Amino acid sequence: MNNGFAWAILIVAGACEIIWAVGLKYSDGFSRLWPSTGTLLAMILSVVLLGLSLKSLPLGTAYAVWTGIGAVGTAVCGILLFGEVRSTARLLCIAMIVAGIVGLKLVTSADD
């Protein structure tokens, strides 16, 4: 698998992580069938896709990017969907995570 495809798979894996994290909120502690089912499917797909991306990408980079996508996406969804705090400090911290993800991508591409 080429690195471009591996990065695309990793991004989709990160998106699935956002879906399952948000799904946890909607599942109400796994007490609602369909949100719980969707959450479990997104969890499985997220980890499977992460594993596939690891065929070509370094473990540390892929895992950090995967969790970073999940953290940023989940924090943004929390703000947009659930009215969580939208302070300047919080947005700055989210921006720093994004900068770290981009930096890891750029450094990893340069190492190839």
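Residue numbers for the sequence shown, in the working numbering: 44 to 155.
We treat Cβ as the ideally placed atom computed from N, Cα and C, and that holds for glycine.
These figures come from a predicted structure and were not determined experimentally.
{"Item": "Ala51 versus Val141: straight-line alpha-carbon distance, rounded", "Value": "17 Å"}
{"Item": "Three-way DSSP call (helix, strand, coil) for Val55 in this model", "Value": "helix"}
{"Item": "For Glu127, three-class secondary structure by DSSP", "Value": "coil"}
{"Item": "Val150 versus Leu76 - alpha carbon distance", "Value": "42 Å"}
{"Item": "For Lys68, the three-state DSSP class (helix, strand or coil)", "Value": "helix"}
{"Item": "Residue range of the unbroken alpha helix (DSSP H) whose run includes Pro78", "Value": "Leu76 to Ser96"}
{"Item": "Coil, strand or helix - Asn46 by DSSP", "Value": "helix"}
{"Item": "Secondary structure of Leu100, DSSP reduced to three states", "Value": "coil"}
{"Item": "Three-pair Cβ contact test at 8 Å for the region 66 to 73 versus the region 88 to 107", "Value": "no"}
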